Structures are given as C-alpha cells and as structure tokens.
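Under full-length UniProt numbering, the first residue of the sequence shown carries the number 1, and numbering increases by one thereafter.
All C-beta atoms in this analysis are idealised placements derived from N, C-alpha and C, irrespective of residue type, glycine included.
The model shown is predicted, which means the values in this text are computed figures rather than measured ones.
What follows is a short report on a single structure.
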Amino acid sequence: MSTSTDHGRPDPEATSPAANSDGRPVSDRGDTVCVIGAGASGLTAIKNLREHGFGVDCYERETGVGGAWNWRHDRSPVYASTHLISSKPFTQFPDFPMPDSWPDYPHHGQVLSYFERYADHFDLRSHIWFGTEVIRVQPVEGDRWDVTTRSTGGYGPERTARYAAVVIANGHNWSPKLPRYEGLEQFRGEVMHASSYKDPAQLRGKRVLVVGAGNTGCDIAVEAAQQASRCWHSTRRGYWYAPKYVLGRPADQVNDTLLALRVPLRVRQWLYHWTLRLTVGDLTRFGLPKPDHRVYETHPIANSQLVYYVGHGGIGPVPDVARFHPYAVELADGREIDPEVVVFATGYLPRFEFLDASVFGDSAGAGRPTLWLNAFTPGHPTLAVAGLLQPDSGLFTLSHWQTVLFARLLRARRDRPERAAAFASRVRERAGERYSGPVKESSRHWFEVGHADYLRAVQRALTELEGK
Numbered sequence: 001m002s003t004s005t006d007h008g009r010p011d012p013e014a015t016s017p018a019a020n021s022d023g024r025p026v027s028d029r030g031d032t033v034c035v036i037g038a039g040a041s042g043l044t045a046i047k048n049l050r051e052h053g054f055g056v057d058c059y060e061r062e063t064g065v066g067g068a069w070n071w072r073h074d075r076s077p078v079y080a081s082t083h084l085i086s087s088k089p090f091t092q093f094p095d096f097p098m099p100d101s102w103p104d105y106p107h108h109g110q111v112l113s114y115f116e117r118y119a120d121h122f123d124l125r126s127h128i129w130f131g132t133e134v135i136r137v138q139p140v141e142g143d144r145w146d147v148t149t150r151s152t153g154g155y156g157p158e159r160t161a162r163y164a165a166v167v168i169a170n171g172h173n174w175s176p177k178l179p180r181y182e183g184l185e186q187f188r189g190e191v192m193h194a195s196s197y198k199d200p201a202q203l204r205g206k207r208v209l210v211v212g213a214g215n216t217g218c219d220i221a222v223e224a225a226q227q228a229s230r231c232w233h234s235t236r237r238g239y240w241y242a243p244k245y246v247l248g249r250p251a252d253q254v255n256d257t258l259l260a261l262r263v264p265l266r267v268r269q270w271l272y273h274w275t276l277r278l279t280v281g282d283l284t285r286f287g288l289p290k291p292d293h294r295v296y297e298t299h300p301i302a303n304s305q306l307v308y309y310v311g312h313g314g315i316g317p318v319p320d321v322a323r324f325h326p327y328a329v330e331l332a333d334g335r336e337i338d339p340e341v342v343v344f345a346t347g348y349l350p351r352f353e354f355l356d357a358s359v360f361g362d363s364a365g366a367g368r369p370t371l372w373l374n375a376f377t378p379g380h381p382t383l384a385v386a387g388l389l390q391p392d393s394g395l396f397t398l399s400h401w402q403t404v405l406f407a408r409l410l411r412a413r414r415d416r417p418e419r420a421a422a423f424a425s426r427v428r429e430r431a432g433e434r435y436s437g438p439v440k441e442s443s444r445h446w447f448e449v450g451h452a453d454y455l456r457a458v459q460r461a462l463t464e465l466e467g468k
C-alpha cells in the first residue's frame, strides 16, 4: 500500500521496490507519469494527464511554478520590463482565458499570476515536488523510465523512481548561447549575457553595446537608449521589425486572420512589405542594414520602439563585431567603439543534461533532437517533449495540445494498442518534419513553427490516433 505526504501526494519512496541495472533500489510508481518542470508546458502536461486518468509526479528544481516567467528563479531570462510579444488571445491556454481587463500584451508579473491561478484552479501543486531536480532519466525494459532526483543544489541523497512515461518540459530559454570573439578575454569592460540582465539601472549612464537582434536584444537596446549615455546595437544581418499593432489591432491577430483565410505566403509577404513602406519606409535610411531574406524567413521581431529610437539617435546601428581589444571593440567595417558594458543578446541553446543525447537521435549532443511534431522521438513511445517550439504566436496553446495528444497516446497504448503502434510508425516516418515556411538555418530557428500549420498537424495526429 502506498502512503502519502502531508500535501496529499503519493510518496515515490513508499511504493513497490525494484532495482535498476546497477542494483540500486528503485521505487516503482506503476502507471504514474513523470513530468519534468513546472513552467507553462509542465503545468499543462500535469493537468491534461490528470484529466485523462493518469497519476503524475512533477519535479521542479525551483520553489514555485512559472518556469522562465518566474523571474525569482535562477534560470529565468525575464527582466523588469518584459511583456508578452504575442497578444493575449494567442497566448492563453484554450481552457483558461486570461482576464478581459488585462492589456493586449500582459506584463511578466501578470503572466506569472496567470500560471499561479491556473495551478490553483486545476489543483496542480499537490502533484509537484518543488526544490527537486532531475539528474538522470534512463529507459528500462517495457518502455518504462528510471528517473533519478535529488534536492536542488546537490544536497541530500539521490532517489530513483520508475515511471510508465516521461514528459520533458524543462524549457529551452535558460542555457545561454555565448559567442566567441578574438580578444574577448582581454576586454576590460563589463560583459554579460542577456540572461543576467534584469533592470535598466544596470545600464544607466554607461556606454552600452548590445549584440543581437532578437526580441530580447531589441528590448534591451531600447532601454539602453533611454538609460545609457550611449547605445550601439550590433547585428549580423538586416531584419524586419514588426510593429506590435497593425490597423489598430495586435499584429499577430491581423496575421492570424490572413492565415485563417489561407492567404498564400507570397501574398502575406507582399502585404507586410507594403505595410512597412507606408508606415516606416526604407529601413536603410536609418542606418539599419538591408534584410538579406524575405519576411517570415526569420523569427518575427515584434518591437514598435526600436526604429523610433534609431530615428531619434538614441540607438546607433553598427555591424557585427570583428574582435575585442582591451578598451575597444572593433567592428566588421573596421570602426572601433569604446563601450563600458557589452550585452550579448545571442539567445539560448536547449539542454537535456539528464538524458543521453542518443535517446533523441542527437548523436552530436548539440541539443537538436530529431522529433515528430517537435514532441515525439522514434523508438521511445512513452517519452514526449512539451514546449520545444519557437512559434510565430503564443506557446501555451501549442503546449496544451501537445500534451493532450500524448495523454491520448498513453491511453491508446492501454486500450487500443493497434492505434498506438500505428502512431509509433508515423513517428519513425515523420521525425524531423518542419511546420514553417523556409527559414534561415541557425540554432535560433531549430524549433521554428507556424502556429496554424502546427495545430493542423496536431489535429490530424489526434484524428488518426483515435480513428475518426
């Protein structure tokens, strides 16, 4: 008989004993599913698995829910002024709407409170082990998994429990991707990655160079334009800067209308270029480089203020960095600038340090799994990844439907094994499929998806799984 903790959760150490390949004791959790992470994707995984009748143990290394959106967490990339870049209707979970009184683009504090309300509404906290990190996930016979955990920070003993399935929802925006430049180690100024940036006070009165033109890099450059004594913004190529509002509506809502009407990509690109010509004009006249790609071929940059501050002289666009000197930075065009602070807004790389890379078909260990629907890996039908997506809209809806699909797959393995076997065949055949138009080949676009195409693909998978 299993016992429970004071919080009503079953105690993994009080279940049927077993042993792993090393002979160490393992607590067998039966049909329970393990979820790694209690951010947006982990929370919706717990909820959907519970609604489909599965027991769930979720392990969260931090002390609260919210993942990346809880800026009190060590690994959170959130800074003081962070807001959603996708509008409210295209961000919220489909079965838990954000309040009507909230703005189109909620502040990160509101987003965290949304997750806390979600967790309380669906009674998810009782299934989460806070302050517990997963250090090893190993496949065992029968498509089961041994999950080894310990207290965050390495304190206390390691504990291993055996699960029927695992959902990995550890996020992919917490491990900084740092560039390498000649002379960087000798540079005497302050160097930080955007993951360490929290407040514009860090830039106040200083000469600042921001490297990187993603959404975070553009946000930090805008804040530097207001707080720093001088701001340079270095980019490798030209980009298209989308305003957050078009025709008086959030831009993603306008774009979604075009997608719903099945307007061809070329037509949508033409409309976008036409809109920019009417509103902003030729970006090169501001000193910004001309984009070397068409709209929608890189992840969208939603920022209504960058061009404004460039136009007012608050941001000085500069090309890529060539090398560093002790007191200067040399640019690709031969110029030198003298920043006191350099902020690398150069993105993040996914990390699954608790799992052997070969499980994901990632033989090089680069962090780019070979998956179908960015969630399912060939050869391991009881393993899924939730939220490993870089969509052109909000993520939470996509994570919701990913985990609904996984929950129904697990149910099919029990009730309709022939359907589950057919699903496994499709995973093998389709792993690596893309769900976006042509995009630039870079780690930033490894997980790029068009939300409309992706949701249609998930719907087809649900229909095929259930034989409708």
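Where residue i falls: helix, strand or coil (DSSP)
i, result
"Phe360", "helix"
"Ser4", "Because the pLDDT of Ser4 is 37, which lies under 50, any placement of that residue in the model is unreliable, and the question is left without a value."
"Ala164", "coil"
"Ser425", "helix"
"residue 475", "In the structure as shown, the chain starts at 1 and stops at 468, and residue 475 therefore has no counterpart that could be examined."
"Leu261", "coil"
"Tyr118", "helix"
"Ile315", "coil"
"Ile36", "strand"
"Tyr308", "helix"
"Leu278", "helix"
"Gly153", "coil"
"Pro369", "coil"
"Asp123", "coil"
"Arg144", "strand"
"Pro139", "strand"
"Ala109", "Going by the sequence as given, residue 109 is Gly instead of Ala. If DSSP states are grouped into helix, strand and coil, Gly109 belongs with the helices."
"Ser195", "helix"
"Ala302", "strand"
Distance between residue j and residue i (C-alpha atoms, nearest Å)
i, j, result
"Leu455", "Pro99", "24 Å"
"Pro319", "Ala161", "52 Å"
"Asp104", "Arg294", "27 Å"
"Pro339", "Trp270", "39 Å"
"His451", "Ser87", "14 Å"
"Met1", "Ala164", "Because Met1 sits at a pLDDT of 31, beneath the cut-off of 50, its placement in the model cannot be relied upon, and the point is left open."
"residue 484", "Ala80", "In the structure displayed, the chain extends from 1 to 468; residue 484 sits before or after that span and is not available."
"Asp146", "Ala386", "19 Å"
"Cys34", "Ala424", "20 Å"
"Arg29", "Cys218", "47 Å"
"Val404", "Gly153", "32 Å"
"His400", "Phe96", "11 Å"
"Pro291", "Leu276", "13 Å"
"Leu388", "Arg414", "26 Å"
"Arg249", "Val26", "55 Å"
"Tyr296", "Val140", "42 Å"
"Leu43", "Val222", "33 Å"
"Tyr155", "Ser126", "23 Å"
"Phe54", "Gly311", "56 Å"
"His107", "Asp453", "28 Å"
"Thr382", "Phe122", "24 Å"
Element boundaries [alpha helix (DSSP H), containing residue i]
i, result
"Trp401", "Phe396 to Asp415"
"Gln92", "Premise fails: Gln92 is in no alpha helix (DSSP H) and is neither H nor E."
"Gly217", "Asn215 to Gln227"
"Thr298", "Per DSSP, Thr298 belongs to no alpha helix (DSSP H) and is neither H nor E."
Rounded distance between the beta-carbons of residue j and residue i, thought under 8 Å
i, j, result
"Ala457", "Tyr435", "6 Å"
"Ala201", "Val210", "Incorrect: roughly 16 Å between the Cβ atoms, too far for contact."
"Ala194", "Thr216", "5 Å"
"Leu331", "Ala322", "6 Å"
"Gly361", "Pro378", "7 Å"
"Val111", "Leu84", "7 Å"
"Val329", "Glu336", "7 Å"
"Arg188", "Pro326", "5 Å"
"Arg150", "Glu133", "6 Å"
"Val307", "Val280", "6 Å"
"Gly316", "His233", "7 Å"
"Phe376", "Val427", "5 Å"
"Ile137", "Leu355", "Note that residue 137 is Val in the sequence shown here, rather than Ile. That belief holds up - the Cβ atoms of Val137 and Leu355 are roughly 5 Å apart, short of 8 Å."
"Phe130", "Ala40", "That pair is no contact at about 16 Å."
Span of the beta strand (DSSP E) around residue i
i, result
"Ala322", "Val321 to His325"
"Glu330", "Ala328 to Leu331"
"Leu455", "No beta strand (DSSP E) contains Leu455, which is instead part of the alpha helix (DSSP H) from His451 to Glu466."
"Val78", "Per DSSP, Val78 belongs to no beta strand (DSSP E) and is neither H nor E."
"Val341", "Val341 to Phe344"
Can you find at least 3 beta carbon pairs, one from the stretch 300-311 and one from the stretch 239-248, that sit closer than 8 Å?
yes
Does the stretch 342-356 come close enough to the stretch 168-181 to have 3 or more Cβ pairs within less than 8 Å?
yes
Would you call the stretch 176-187 and the stretch 47-56 touching, i.e. three or more CB-CB distances under 8 Å?
no
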